[in-house]
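In what follows, a single structure is set out as structure tokens and then discussed.
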Amino acid sequence: MPELVLHRRVQRYARRLPADLKDKVKESLARLAEDPDHYPGAITMAGQWQGYCRIRIGNLRVIYSYKVEEGVIYVDYLGPRGEIYKK
Numbered sequence: 046m047p048e049l050v051l052h053r054r055v056q057r058y059a060r061r062l063p064a065d066l067k068d069k070v071k072e073s074l075a076r077l078a079e080d081p082d083h084y085p086g087a088i089t090m091a092g093q094w095q096g097y098c099r100i101r102i103g104n105l106r107v108i109y110s111y112k113v114e115e116g117v118i119y120v121d122y123l124g125p126r127g128e129i130y131k132k
């Protein structure tokens with residue numbers, strides 16, 4: 046199982062989420078860590094986001110990169126759909 050590394054901004058944002066949404070995010074990230082190659086609904090991104098993938102959790106988006114050779118999933122962004130792509 047790959048290691049899950051959350052960027053500091055992701056940790057800060059997650060702390061401010063309501064408890065029910067925070068639980069959904071934790072559950073989704075745990076499922077992602079179990080099998081990152083076959084997570085249902087994971088989309089490979091293109092353009093300026095090339096090398097990243099995204100998953101949807103309700104109105105939130107999680108943008109991450111998976112380094113197979115390192116065995117690490119880097120979660121770089123977490124936020125609402127309308128704001129996350131403006132980074």
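Okay, so the sequence shown: first residue is 46 according to this note's numbering, each after it adds one.
Think of the CB as a built atom: it goes at the ideal place given N, C-alpha and C, for glycine as much as any other residue.
Buried or exposed (CB count within 10 angstroms, at least 16 for buried), residue i
i: residue 150; result: Outside the shown range of the chain, which is 46 to 132, sits residue 150, and nothing can be said about it.
i: residue 88; result: exposed
i: residue 113; result: exposed
Span separating the alpha-carbon of residue i from that of residue j
i: residue 76; j: residue 109; result: 14 Å
i: residue 82; j: residue 72; result: 17 Å
i: residue 111; j: residue 53; result: 17 Å
i: residue 127; j: residue 78; result: 25 Å
i: residue 60; j: residue 67; result: 8 Å
Strand pairing of residue i, partner residues [DSSP]
i: residue 50; result: 119
Original post:
Can you give, in chain order, each stretch of the alpha helix (DSSP H) that sits fully within the segment 76-124 and has at least 4 residues?
Top reply: For the segment 76-124, not a single whole alpha helix (DSSP H) run of length 4 or above is found.
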